[in-house]
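Line by line, the protein sequences are chains G and V.
Each residue of the first sequence is one higher than the one before, counting from 248 in the working numbering.
Each residue of the second sequence is one higher than the one before, counting from 478 in the working numbering.
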Amino acid sequence: MLKYAIKRILQMIPLLIALSVIVFFLIRWIPGDPVSAMLGPGVPASNIEFERERLGLNDPIIVQYVRWVRDIFQGDLGKSIVSKKPVVYEISRRLPVTLTLAVGGTVISSVLGVILGVIAAMRQNRFLDNLIMSVSLLTVSMPSFFFALMLMLIFSVQLGWLPSIGLNSPAHAVMPLLALGSSGLGFMARTTRSAMLDVIRQDYIRTSRSRGIPEKIVIYSHALKNSMIPIITAIGLRFGGLLAGSAVTETVFSIPGMGKFLVDSVTKRDYPCLQAAILVLATIFIVVNTIVDLIYAAVDPRIRYE
Amino acid sequence: MKKRMLACLLLTSVLLTTIFTGCGAKDGASSGNEPAPESAGGSGTQKEAEEPEETDGGGGEAETGYRDTIRVALNGDQDNLDPHNNRTNSIVVSQIYGRLVTRDMNNEIVPDLAESWEVSEDELTWTFHLRKGVKFHNGQEFTARDVKASIERTIDKVNTVNTTEAMGIIDEVIIVDDYTVQLVTGKPVGPFLQTMSGNLGGMMMCADVIEEYGADIGYDPETVVGTGPYRLAEWNKEENMTLEANEDYWRGTPTIKYIEFQAIPDDNARSIALETDQIDFMFRVPPSEVSRLNAVDGIHVETKDSMSLHLFLFNMSRPILEDPRIRQAIIASVDMETMVSALFGELGETVATAPCSPLYFGYKEMGAQPYDVEMAKELLAEAGYPDGIEISIMTCGIYNNGIEMAEVMKEMMAEANITLNIEVMERAAFSEAMASRNPDDQPWDMWIMGLGNMALDYTELRNFFRSTVEGTDRPNGSYYANDELDELTDKALYTTNEEVRQECYERVAELVWWEDPAGMWANYRTNVFGLNDRVQNFEANVGSEVNFWQMTVLDQ
């Protein structure tokens, strides 16, 4: 197990190197230039040249890449072209917000999704199953910004219960978490349902039932545990999706998180911020998925990594 | 096994709790704290919580019945607060910095940091007598030395700033004494005061701050030092910004002590925030929300004149547009009046009837550019294209309805056998293409543009359409070239005779409007604000510069 864990962690290194190369060059490939994006239209070419030179954007791209990697190893992610503040500062004030939302959203969608998925599997093809599957289809297909606006209209405008702007108190977090949680809810419920249905038909479940073991124990202790592999995989992916993919929700609720930061950095071609943000998020994503892999062994003793 | 799962769960919940409480704890101390809607009816002075010494003041406010904070939503954050390099707008920097002369809320040029001024007989030397006893936010007194440092920063040809081109009319700054300063121009400049009042380059900074921070000005509070009614207290970029009243403001101490700016980019979210009392004041109400917000109790929408208009420039580097008849045909194929009233009617915006807004010096009503589909077809046939033409247009969503306008035009142009191909660019790519001044990077026949400058002078057309930019051999943005226009706009810039200037500009307008058309003019814009009814005494000038220092927020 330990050996496997070390192996997986070592595997992350080439992955991150490849990622850094792709990120760096792909970003520079997009049309647009940070300096003219910052200075706007109608600026004398000499100003743009001067600023590009100052930022080192005129150096050969390989030189820029080597400089960037060298600085990373010295703990320096550079300075934002837009805000002139260290990238580390820009990320450090957004990452906790995004982690809170991503963890919260993942927990909501996983807990509710698994419960609903189990219920649906138990009542297969009956009314409750159809209802749950319809609702989950709705949450999967409804655009998150639309759902967020609906929440705002109901809870802020009509009922006046919740604030809709920013993330300064637990009350502020309710709607963003609901919006983020709901989008994964349907996916989780469907994954759980199909995993459960696969397991329920197997012999050992029938045997357990015939031995007179209470239904609750059969379902939650025997069947659910053996359905956990696809569910855990889905949770890991869901978390990764929420890390960078909540830009729309963040924008609607004016929450300064990583998703909005990424989009802003792309719009302004703020290369240092963009590169660092992608690298940080990708690292978290890879770590989380490595952990997920390790959890497999914990929930299913049949899985061994020797 | 069960134990392990349990431990996992426990760990996760501990982690979650830590994160949540961590966030909560931080909030208590953060300044951008917003009360929940239901509690907003209370004192509304969130500052009291974090600054106990203000409690007494808070009690006093309850007696006077005014809140000490106004919560303001912007549609986007500022790029920086260095007035000479700011490209966002003057909404925030106008609260922080002062000018020698400025535009008041009726758009008249009035004294600001200069009490009076006179121009020499040869019209080359402008002498400004400075107001005495004006203090910068750092406590230093404002003197001629600061004027010299500020203006020399803007006209420095080596370390240029964004406003260098406009301020280039000044050659030299001479300090006569602490409170008298002379600005010398190479030639007499007609719109001199207009430029000083309407350009961010005219904003006065502290000489010592310029010396100490140079290019780093504009981000941290210690580098943002002006003489205006408010000083920068805190700024979390892309999040919120707090301005604090300048007690020593020379016009008087503002009633509103804190302005809390919040960037809420989503149009709907901004409107909902106003509706639910999470903000008191919002900039840029979207067209679709005007009538809805007006119908809500306790809030209303106010529309003010703007200096700007939208137009679509012809790219004169394209061979097909060389013949003015082709350009005239394109113009005549679009029913601009109908389009503008459909897309901008809610905002009270109307079709442009001259190349610049009626507020500009040089204005003459021309009526909308002609619309006549039959004429358009004939003009095309005369120019050798009886079967029609195919042209391209580039537009960008940063302009209000920028994409919708192009879509409507496509439909209308089809009637006159003009096929319009639309290309939508996103912000950064748009900026890069527009900055390049290289026809190879601009492969479109037309593109969208905003035209507007607080100088409110037709010399703006010189900036747009003079064939080369003075001092460089750089072409103008759309490669437009007309010798008569070059001559007339130069003549009008370098004379102070208003009759001559007006005459020149009327002729320039005829040229770019139809004779040798430079673009398709769309709509005069308006500035639309959303306010809670508690907000009193609101005024704004054409540049969306709001008189926060005179405003009050009733505590009710």
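Beta carbons: idealized from backbone N, C-alpha and C, even for Gly.
Check	Outcome
Assuming V:GLY1007 and V:ILE776 are in contact, meaning their beta carbons sit under 8 Å apart, how far apart are those beta carbons, in whole angstroms?	6 Å
Please state if the CB of V:GLY575 and the CB of V:ASP556 are separated by a distance shorter than 9 Å.	no
If we count the other Cβ atoms within 10 Å of its Cβ and call it buried at 16 or more, is V:GLN659 buried or exposed?	buried
Answer yes if the segment 984–1004 of chain V comes into contact with the segment 743–755 of chain V, meaning at least three C-beta pairs across the two stretches below 8 Å, and no otherwise.	no
Spell out whether any CB of chain G is found under 9 Å from the CB atom of V:LYS841.	no
Between V:THR641 and chain C, is any beta-carbon pair separated by less than 9 Å?	Protein chains in the displayed structure are G and V, and chain C is not among them.
What is the DSSP secondary structure of V:ALA591, reduced to helix, strand or coil?	strand
Tell me, please, which residues DSSP counts as bridged to V:ASP934.	V:PHE838
According to DSSP, V:ASN713 sits in a beta bridge with which residue or residues?	V:ASN717
Would you mind working out which of V:MET871, V:CYS873 and V:MET852 sits nearest V:PRO863, comparing C-alpha positions?	V:MET852
Under the DSSP definition of a beta bridge, which residues are partnered with V:ILE586?	V:ARG580
Helix or strand or just coil, what does DSSP make of V:ILE647?	strand
Going by DSSP, what residue range makes up the alpha helix (DSSP H) through G:GLY351?	342–369
Who are V:MET997's beta bridge partners in DSSP?	V:PHE789
Kindly indicate which residue of V:ASN584, V:ILE880, V:ILE895 and V:ALA891 has the alpha-carbon position closest to the one of V:GLU903.	V:ILE880
Taking 9 Å as the threshold (C-beta atoms), are V:ALA969 and V:MET813 in contact?	no
At 7 Å on the CB atoms, spell out the chain G contacts of V:THR945, in chain order.	The premise fails here: V:THR945 is roughly 12 Å from chain G at the closest Cβ pair, so nothing lies under 7 Å.
Residues in the same chain with beta-carbon distance under 8 Å from G:PRO410, minus the five sequence neighbours each way, listed in chain order, please.	SER403, SER416, ALA418 and HIS419
Going by DSSP, which residues form a beta bridge with G:VAL534?	Answer is none; G:VAL534 lacks a bridge partner.
Comparing C-alpha positions only, which one of V:ILE899, V:ASN877, V:TYR876 and V:ASN878 sits nearest to V:LYS887?	V:ILE899
Within 9 Å of any Cβ in chain G, is that where the Cβ of V:ASP1010 sits?	no
Is V:GLU511 helix, strand or coil when you go by DSSP?	For V:GLU511, the pLDDT reaches just 33, beneath the cut-off of 50, and the residue's location in the model is therefore unreliable, although a value from the coordinates is still provided. In the structure shown, V:GLU511 sits in coil (DSSP, three-state: anything other than H, G, I, E or B).
For V:GLU859, I'd like the list of residues in its chain whose CB is within less than 7 Å of its CB, leaving aside the five on either flank, ordered along the chain.	ARG802
Can you name the residues of chain G whose CB is closer than 7 Å to the CB of V:PRO742?	THR498
Quick one: grab the DSSP three-state call for V:ASP782.	strand
In terms of alpha-carbon separation, which member of V:PRO764, V:GLN617, V:ALA750 and V:GLU1016 lies closest to G:GLY407?	V:ALA750
Between the segment 493–504 of chain G and the segment 737–748 of chain V, do at least 3 Cβ pairs fall closer than 8 Å?	yes
Of all the options V:GLY865, V:ASN584, V:ARG544 and V:GLY861, which has the alpha carbon lying nearest to the alpha carbon of V:ASN930?	V:ASN584
How long is the line joining the alpha carbons of G:SER574 and G:ASP450, rounded to whole angstroms?	What is shown of chain G runs 248 to 553, which leaves residue 574 of chain G out entirely.
If distances are taken between C-alpha atoms only, which option among G:SER441, G:VAL334 and G:ILE452 comes closest to G:PRO477?	G:SER441
Tell me whether the beta-carbon of V:PHE605 lies closer than 9 Å to the beta-carbon of V:PHE613.	no
At a Cβ cut of 9 Å, what residues of the segment 389–422 of chain G count as close to chain V, listed as they run along the chain?	PHE392, ALA395, LEU396, MET399, LEU400, SER403, VAL404, GLY407, TRP408, LEU409, PRO410, SER411, ILE412, GLY413, LEU414, ASN415, SER416, PRO417, ALA418, HIS419 and ALA420
Using DSSP bridges, identify the partner residues of V:ASN1009.	V:ILE776
When we look at the beta-carbon of V:THR631 and count the other beta-carbons within 10 Å, is it buried (16 or more) or exposed?	buried
Checking contacts by CB at 9 Å: is G:GLY279 closer than that to chain V?	yes
Grouping DSSP H, G and I as helix and E and B as strand, with all else coil, what is G:GLY303?	coil
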